[in-house]
Structure formats: structure tokens, C-alpha cells
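Numbering (the numbering used here), first residue to last: 7 to 485.
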């Protein structure tokens with residue numbers, strides 16, 4: 007039976023949260039003081055909280071018959087408490103109407119939406135899925151259907167956590183605000199709902215992703231994680247490692263090189279030519295370019311999706327944008343200096359919890375520090391099956407930067423976050439300047455390895471003073 011746990015850190019220390027499997031522990035995420043994160047798990051699963059610096063055990067919790075809050079109060083003495091979690095308080099707004107199946111794309115894959123979502127968006131979602139899956143391997147389609155794959159449309163006046171399967175994300179605080187940083191989440195076995203925004207489908211007033219179709223990208227995640235077998239996923243991982251080693255993707259920090267999941271999803275977008283972006287994919291954004299520059303990935307995409315003639319741009323509702331991205335200062339009230347979405351808030355972003363607790367997936371998305379906000383740009387953020395923050399692996403769990411692009415000491419890589427993100431237990435070390443020009447002038451900033459055009463102040467590792475040097479992800483060196 008699935009359960010939901012809200013982990014709350016009310017202590018003055020950074021806390022790591024670990025899932026216990028047999029006699030082994032796996033770090034799932036860390037909590038700074040005052041932070042709360044929601045994690046989906048199963049009844050009988052055991053979780054532990056430890057002091058991030060000393061590894062002292064603070065408390066242990068085993069999921070029981072109901073949803074629960076597990077709160078860490080102090081390290082000395084170690085004190086934790088458990089209380090019931092009220093999920094029934096997450097109610098939809100009456101004006102949305104009913105959450106219901108609005109259509110069926112391929113037989114067995116429902117399109118879900120509230121009544122407030124227009125019929126045109128539903129029709130377009132059906133059309134895209136039908137074209138994407140027109141020549142898909144029969145066994146892949148059978149797994150997608152058999153595992154309950156669905157697509158949900160986020161209404162133009164709704165936010166990501168308004169979707170019923172994702173509503174528990176409203177219970178998180180102190181980290182990333184998913185509702186201001188994502189309008190599309192990919193499906194997994196634990197949560198087979200893939201979502202995308204109504205405005206992105208109909209291509210009207212889309213101020214988040216006008217250069218790409220998000221459904222193609224996010225459903226690519228569902229195909230990989232729900233539809234493909236273990237051997238196929240292993241082949242994708244192998245192709246990803248080869249592509250990364252060979253330098254096919256010109257900028258090693260580009261989004262497609264984050265992990266095998268994003269490599270596949272970006273490849274899916276390019277296969278169906280559903281993006282005009284070049285920053286996230288090394289310029290490989292068409293089927294022809296994939297075949298010319300990454301034949302290994304092309305072979306896997308061809309085997310999965312076939313060689314059909316359909317491309318998204320053949321019948322898209324409007325041309326894809328070529329918009330550039332830029333940073334604008336946030337006003338003191340949290341708004342942006344010109345028309346735009348509210349400031350996402352402060353703090354580095356842990357990833358979203360997923361509905362299960364046994365799949366190892368790493369993912370993306372950074373949020374600008376206080377005082378800066380992207381001009382109507384949201385970073386895609388896939389709802390993964392397990393972790394709210396990056397488990398120990400290839401990425402920092404605080405800023406999601408690949409370890410290969412960070413100058414952190416090797417000893418720090420055993421933790422979930424880099425020293426930039428306070429794995430030493432210090433307060434957040436990023437510095438805030440009123441404008442991007444000031445950041446660059448003061449030598450406190452560099453572009454992120456993810457190519458999102460956000461400026462970050464990186465505290466130097468290995469004992470260097472904060473802001474004393476600039477780590478360039480594009481040049482791969484200190485400046």
C-alpha cells in the first residue's frame with residue numbers, strides 16, 4: 007500500500023534522509039533547517055534521519071497504515087516525533103470542474119484534465135500521442151498501457167501541483183517551488199501520469215516553453231521508464247556514456263548530458279523535431295542531425311519509435327519560437343521588473359518526491375537565487391519515482407550540477423550535496439547581487455553547466471574564499 011511521509015527538519019542542523027533496504031541505507035535527500043519535503047513510499051518501508059555532518063542517527067520511521075509527518079526536533083539530544091498527515095485538505099477549486107478522462111489517445115492511454123481545460127488542448131494531446139506511438143514497438147505500447155500510463159493537462163490557470171497525483175507536492179516547503187518552475191512532469195512506473203500545460207499544447211500565450219513541445223519530451227520519459235524493458239534502458243545508458251565520452255554534444259554541460267533520462271528525452275524531442283532549442287541538446291535538434299552526429303542514439307530511437315514521416319512542425323498549431331532567454335532583476339515584492347511570472351523564491355532546489363521508493367533516478371532544474379529571476383522561463387522538471395533530492399551519484403542534490411563540472415574535493419562527493427550547497431553544514435553560501443552585471447563585475451558568478459542562462463555565485467571549494475574565483479562550466483576551468 008502506498009503511503010505519503012512529510013519529513014520536517016525543525017532542528018538547527020542539516021539532516022540527511024535515508025531509505026533502509028535490508029541492511030543497507032540509501033541517501034535520498036537532505037533538509038536544511040526549516041525545510042519540509044514530501045516522499046511517497048510503501049507501507050513497511052523504513053526511513054532514517056541522520057545529521058548530515060556527523061552521520062549521527064537522529065531517528066527512524068517505518069511507514070504504517072496511514073500517511074504521516076516525521077519531524078526532527080533536535081540533534082542533542084536526538085529527538086523526533088510522528089503525527090498524522092492530513093492529505094484530505096488538498097482539495098481542488100470548484101471552478102475547475104471535475105477531474106476526469108476527457109479522451110483516449112491510443113487505446114488504453116487516457117487523457118485526463120479538469121473541465122476548465124479546453125477541448126482543443128485535449129484534441130492536440132491525443133494527436134501528438136497517436137503520431138508519436140504510430141510505429142512504436144508493440145511490446146512497448148503493451149507495457150505503457152498495462153502499467154497505467156496516462157496524460158494529464160495542466161489548465162492555463164492551474165499549477166503543476168493542482169493535478170491530483172501531484173497535489174502532495176504542495177506540502178513541501180523551504181526548497182523549490184515546483185509550481186513556479188515546472189509545467190510538465192514525466193511519468194514513471196511509480197507515478198505513470200505525464201503532464202504538460204494547456205498553453206503549450208495549443209501554443210497560445212505560452213510564456214514558459216514557446217520553443218518546444220513539452221508533451222513530446224515528457225512522454226519520452228514515460229516511454230523510457232514505463233514502456234522499455236531493462237535491456238533497452240541499459241542500451242540507452244551505454245549510448246549516453248559513449249556520447250558523453252566522445253564529446254558529440256559540444257557543450258559537456260548541456261542538458262542532454264545530465265543523465266541518460268534527459269539524453270533520451272531530448273533525443274525524443276529531436277526525433278520528432280519538437281524543439282528549436284540548441285542550448286540543451288548541443289544543436290542536435292532534428293532527426294537528421296541525430297543520425298549524422300549520434301548514430302547510436304538514432305538506432306535506439308528508430309527501434310523504439312520507428313521511421314515514420316511525422317514531425318511535430320508538420321501540423322503544429324503555430325510555429326515554434328526562436329526566443330532568447332535573459333535575466334531580469336526581481337522587485338522587492340517578488341515580482342519581475344517587467345511582465346512575467348512571480349519570483350520563484352529563494353534557496354536551492356531539492357527535487358520532487360515520487361510515488362515509489364525503489365528506483366534510482368536523477369533529474370534537473372535550478373532556481374535563480376534571491377534577486378534574480380528568469381524572464382518567463384521554466385526549467386523542465388520530471389516527476390521521478392523516488393527522490394526529492396539527488397541520491398548519491400553523478401549530481402549534486404542541492405544544485406543538480408554534474409559532479410564532473412564541480413571543483414569539489416573527492417571526499418565531498420560521498421555526500422548528497424556539494425560544498426556549494428552546504429554539505430559541510432554551513433549556511434547557504436551563494437551570494438546575492440542586485441543585477442547580473444554586478445555579479446559578473448564582482449567575479450562572483452558563472453553560467454550554470456545546465457546552460458539555463460542563470461548566473462550563480464559559486465563558493466570556491468578546497469578552502470578557497472567565497473567568490474574568489476569563477477568556475478566556468480563552458481571552459482571547464484577556474485577563471
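All C-beta atoms in this analysis are idealised placements derived from N, C-alpha and C, irrespective of residue type, glycine included.
Rounded C-alpha distance that separates residue i from residue j
{"i": "residue 75", "j": "residue 42", "result": "10 angstroms"}
{"i": "residue 25", "j": "residue 65", "result": "12 angstroms"}
{"i": "residue 197", "j": "residue 171", "result": "8 angstroms"}
{"i": "residue 17", "j": "residue 107", "result": "44 angstroms"}
{"i": "residue 125", "j": "residue 105", "result": "14 angstroms"}
{"i": "residue 265", "j": "residue 320", "result": "30 angstroms"}
{"i": "residue 9", "j": "residue 263", "result": "33 angstroms"}
{"i": "residue 302", "j": "residue 245", "result": "6 angstroms"}
{"i": "residue 312", "j": "residue 306", "result": "9 angstroms"}
{"i": "residue 210", "j": "residue 140", "result": "26 angstroms"}
{"i": "residue 71", "j": "residue 7", "result": "8 angstroms"}
{"i": "residue 15", "j": "residue 99", "result": "30 angstroms"}
{"i": "residue 56", "j": "residue 86", "result": "11 angstroms"}
{"i": "residue 61", "j": "residue 295", "result": "48 angstroms"}
{"i": "residue 19", "j": "residue 54", "result": "15 angstroms"}
{"i": "residue 84", "j": "residue 147", "result": "50 angstroms"}
{"i": "residue 133", "j": "residue 259", "result": "33 angstroms"}
{"i": "residue 167", "j": "residue 144", "result": "33 angstroms"}
{"i": "residue 81", "j": "residue 261", "result": "38 angstroms"}
{"i": "residue 188", "j": "residue 28", "result": "35 angstroms"}
{"i": "residue 137", "j": "residue 239", "result": "22 angstroms"}
{"i": "residue 328", "j": "residue 292", "result": "15 angstroms"}
{"i": "residue 117", "j": "residue 236", "result": "27 angstroms"}
{"i": "residue 199", "j": "residue 175", "result": "14 angstroms"}
{"i": "residue 247", "j": "residue 101", "result": "48 angstroms"}
{"i": "residue 34", "j": "residue 59", "result": "16 angstroms"}
{"i": "residue 103", "j": "residue 163", "result": "13 angstroms"}
{"i": "residue 79", "j": "residue 90", "result": "16 angstroms"}
{"i": "residue 142", "j": "residue 149", "result": "12 angstroms"}
{"i": "residue 38", "j": "residue 21", "result": "7 angstroms"}
{"i": "residue 253", "j": "residue 113", "result": "40 angstroms"}
{"i": "residue 274", "j": "residue 234", "result": "14 angstroms"}
{"i": "residue 109", "j": "residue 32", "result": "40 angstroms"}
Proximity below 7 angstroms, CB of residue i to CB of residue j
{"i": "residue 317", "j": "residue 278", "result": "yes"}
{"i": "residue 203", "j": "residue 224", "result": "no"}
{"i": "residue 283", "j": "residue 218", "result": "yes"}
{"i": "residue 151", "j": "residue 193", "result": "no"}
{"i": "residue 222", "j": "residue 276", "result": "no"}
{"i": "residue 93", "j": "residue 73", "result": "yes"}
{"i": "residue 177", "j": "residue 12", "result": "yes"}
{"i": "residue 185", "j": "residue 157", "result": "no"}
{"i": "residue 68", "j": "residue 52", "result": "yes"}
{"i": "residue 486", "j": "residue 288", "result": "Summary: the structure shown does not reach residue 486, with the chain confined to residues 7 through 485, and so no result is reported for it."}
{"i": "residue 50", "j": "residue 180", "result": "no"}
{"i": "residue 115", "j": "residue 88", "result": "no"}
{"i": "residue 5", "j": "residue 63", "result": "The shown model of the chain, from 7 to 485, leaves out residue 5, and the question about it has no answer."}
Whole-Å CB distance - residue i paired with residue j, under 8 angstroms assumed
{"i": "residue 127", "j": "residue 220", "result": "So it is not a contact: roughly 12 angstroms between Cβ atoms."}
{"i": "residue 111", "j": "residue 159", "result": "Rounded, the Cβ-Cβ distance is 12 angstroms, inconsistent with contact."}
{"i": "residue 249", "j": "residue 300", "result": "6 angstroms"}
{"i": "residue 272", "j": "residue 286", "result": "6 angstroms"}
{"i": "residue 201", "j": "residue 230", "result": "Rounded, the Cβ-Cβ distance is 16 angstroms, inconsistent with contact."}
{"i": "residue 242", "j": "residue 270", "result": "5 angstroms"}
{"i": "residue 195", "j": "residue 323", "result": "Rounded, the Cβ-Cβ distance is 32 angstroms, inconsistent with contact."}
Burial state of residue i, where buried means 16 or more other Cβ atoms lie within 10 Å
{"i": "residue 30", "result": "exposed"}
{"i": "residue 36", "result": "buried"}
{"i": "residue 227", "result": "buried"}
{"i": "residue 161", "result": "buried"}
{"i": "residue 183", "result": "buried"}
{"i": "residue 135", "result": "buried"}
{"i": "residue 23", "result": "buried"}
{"i": "residue 315", "result": "exposed"}
{"i": "residue 539", "result": "Residue 539 lies beyond the stretch modelled for the chain, which goes from 7 to 485, so this question has no answer here."}
{"i": "residue 214", "result": "buried"}
{"i": "residue 267", "result": "buried"}
{"i": "residue 205", "result": "buried"}
{"i": "residue 77", "result": "buried"}
{"i": "residue 304", "result": "buried"}
{"i": "residue 5", "result": "For residue 5 there is no data in the structure shown, the boundaries of the chain being 7 and 485."}
Open item on the list: What ranges does the alpha helix (DSSP H) occupy inside the segment 96-158, keeping only unbroken runs of at least 4 residues that lie completely in it?
Closed with: 125-138, 144-152
TODO: Enumerate, from N- to C-terminal direction, the unbroken alpha helix (DSSP H) stretches of 4 or more residues contained entirely within the segment 262-343.
DONE: 266-277, 293-299, 301-311
Open item on the list: To test your reading of the DSSP string, which unbroken beta strand (DSSP E) runs of 3 or more residues are found completely within the segment 148-234?
Closed with: 156-160, 199-203
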